[in-house]
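Chemist: In UniProt numbering, the protein residues as written are 1 to 262.
Glycine included, each C-beta is placed from N, C-alpha and C at the ideal position.
Fair warning: this is a prediction, and the values are worked out from it, not measured in the lab.
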């Protein structure tokens, strides 16, 4: 029908084509079998995209592609090339327009709401395959303006690692940490333990406490049970437990000339 419309269009716009329902026309005439040249003058002409890959010579990949085809990785079916993986069989894309369409549908569409890079990769590999496709997906996600604005880091950056000074004598530097949620034990049913470790000799010492003990109780216990035996230490290494960062412990450190490191 398209061929006939092309043939009679020169007779003006007063002629209309009417398709009458009836039996299927099985005997095609010469005009219906006329094949038009694939040129811009043909209304059905679709321009072919030219694709260039910088720095890659296609002839160098001939043996690689041939080997992959022989191994069953690629299949040609009804003029369409498929890529076969362990669990998937998807269409091979070569046109940049089609690639951008797939990336848009798998990342920017309303139903996908700008997925992360890993989830976009999972979506793309269920639909299509092309050369270096994971690199394309990564670049597409990293250049997505909406993702860069919405997923920007809001937390503070981590600080630089600081090397801990090595002690020169026993009990010069002490590590402190709490062991909590213990079953009650002892005559007074203690349920927490403060572990103090000498960094010089890795010698541990254990002080028992109750969960409700305050920073004052902790300071007095350290003074009576620890410093009285080991001497005054110069530096302690611990986490930011409230009992270590309280005003009382801070003043004690200032009074003794010691320092709390984190």
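Can you say whether residue 80 is buried or exposed, counting buried as having 16 or more other CB atoms within 10 angstroms of its CB?
Modeler: Locating residue 80 in the chain shown gives position 80, where the first residue counts as 1. Residue 80 comes out exposed.
Chemist: Using the three-state DSSP reduction, which class does residue 246 fall into: helix, strand or coil?
Modeler: Position 246 of the chain shown, counted from the start, is the residue given in the question as residue 246. DSSP, read as helix, strand or coil, puts residue 246 in coil.
Chemist: Determine the DSSP secondary structure at residue 185, reduced to helix, strand or coil.
Modeler: As a first step, residue 185 is located in the chain shown; it is residue number 185 there, counting from the start. Of the three classes helix, strand and coil, the one that applies to residue 185 here is strand, per DSSP.
Chemist: Starting from the N-terminal side, write out each stretch of the beta strand (DSSP E) that is 3 residues or longer and does not extend beyond the segment 179-224.
Modeler: 192-198 and 204-209
Chemist: Rank 229, 172 and 209 by C-alpha distance to the C-alpha of residue 185 and give the top, closest one.
Modeler: Here the question's residue 185 lines up with position 185 in the chain shown. Here the closest residue by C-alpha is 209.
Chemist: Quick one: is residue 93 buried, meaning 16 or more other Cβ sit within 10 Å of its Cβ, or exposed?
Modeler: As a position in the chain shown, residue 93 is number 93, starting the count at 1. Buried, because 16 or more other Cβ atoms sit within 10 Å of the Cβ of residue 93.
Chemist: In angstroms, rounded to a whole number, what distance separates the CA positions of residue 129 and residue 37?
Modeler: Position 129 of the chain shown, counting from 1, holds the residue named residue 129. Position 37 of the chain shown, counting from 1, holds the residue named residue 37. Whole-angstrom Cα-Cα distance: 32 angstroms.
Chemist: Going by Cα to Cα distance, which pick from 83, 122 and 195 is closest to residue 237?
Modeler: The residue you call residue 237 lines up with position 237 of the chain shown. Checked all of 83, 122 and 195; the closest Cα to residue 237 is 195.
Chemist: Roughly how far, in whole angstroms, is the beta-carbon of residue 134 from the beta-carbon of residue 113, given that I think they are within contact range, below 8 angstroms?
Modeler: For the purposes of this step, residue 134 is taken as the residue at position 134 of the chain shown. For the purposes of this step, residue 113 is taken as the residue at position 113 of the chain shown. Their Cβ separation, rounded to whole angstroms, is 21 angstroms, which puts residue 134 and residue 113 out of contact at 8 angstroms.
Chemist: Compute the Euclidean distance between the alpha carbons of residue 118 and residue 240, then round it to the nearest angstrom.
Modeler: Here residue 118 is taken as the residue at index 118 of the chain shown, counted from 1. Here residue 240 is taken as the residue at index 240 of the chain shown, counted from 1. Cα to Cα, residue 118 sits roughly 36 angstroms from residue 240.
Chemist: In the DSSP output, what is residue 82 paired with across the bridge?
Modeler: The sequence position of residue 82 within the chain shown is 82, counting from 1. Note: residue 82 sits in a beta bridge opposite 75 and 91.
Chemist: Which residues in the same chain as residue 170 place their Cβ atom closer than 8 angstroms to its Cβ, once the five residues preceding and following it in sequence are excluded?
Modeler: For the purposes of this step, residue 170 is taken as residue 170 along the chain shown, with counting starting at 1. Only 198, 200, 201, 203 and 230 meet the Cβ criterion.
Chemist: Using a 10 Å radius around the Cβ and a threshold of 16 neighbouring Cβ atoms, would you call residue 132 buried or exposed?
Modeler: Counted from its first residue, the chain shown places residue 132 at position 132. Looking at its Cβ environment, which holds fewer than 16 other Cβ atoms inside 10 Å, residue 132 is exposed.
Chemist: Leaving out the 5 sequence neighbours to the left and right, which residues in its chain are closer than 6 angstroms to residue 205 when beta-carbon positions are compared?
Modeler: Here residue 205 refers to the residue found at position 205 of the chain shown. Within the same chain, residue 205 has close Cβ partners 196.
Chemist: Give me the Cα-Cα distance between residue 223 and residue 167, rounded to the nearest whole angstrom.
Modeler: As a working mapping, residue 223 is identified with position 223 in the chain shown. As a working mapping, residue 167 is identified with position 167 in the chain shown. Going by the C-alpha atoms only, they are around 21 angstroms apart.
Chemist: Does the beta-carbon distance from residue 246 to residue 215 come in below 8 angstroms?
Modeler: Here the question's residue 246 lines up with position 246 in the chain shown. Here the question's residue 215 lines up with position 215 in the chain shown. The answer is yes: Cβ separation under 8 angstroms.
Chemist: CB-CB under 6 angstroms to residue 155, same chain, minus the five flanking residues each way: which ones, in chain order?
Modeler: The residue given as residue 155 occupies position 155 in the chain shown. Sequence-distant Cβ neighbours of residue 155 in its own chain, meaning closer than 6 angstroms and more than five residues away, do not exist here.
Chemist: Would DSSP call residue 128 helix, strand or coil?
Modeler: Here residue 128 is taken as the residue at index 128 of the chain shown, counted from 1. Three-state DSSP puts residue 128 in a strand.
Chemist: Label residue 242 either buried or exposed according to how many other C-beta atoms from any shown protein chain fall within 10 Å of its C-beta, with 16 as the threshold for buried.
Modeler: By one-based count along the chain shown, residue 242 stands at place 242. Under this definition residue 242 is an exposed residue.
Chemist: Do the CB positions of residue 136 and residue 99 come within less than 8 angstroms of each other?
Modeler: For this step, residue 136 is matched to residue 136 along the chain shown. For this step, residue 99 is matched to residue 99 along the chain shown. A contact, by the Cβ cut-off of 8 angstroms.
Chemist: Identify, in the order they occur along the chain, each residue of the same chain with its Cβ nearer than 7 angstroms to the Cβ of residue 141, setting aside the five sequence neighbours on each side.
Modeler: Here residue 141 corresponds to residue number 141 of the chain shown, with the count starting at 1. Answer for residue 141: 107, 117, 120 and 147, listed in chain order.
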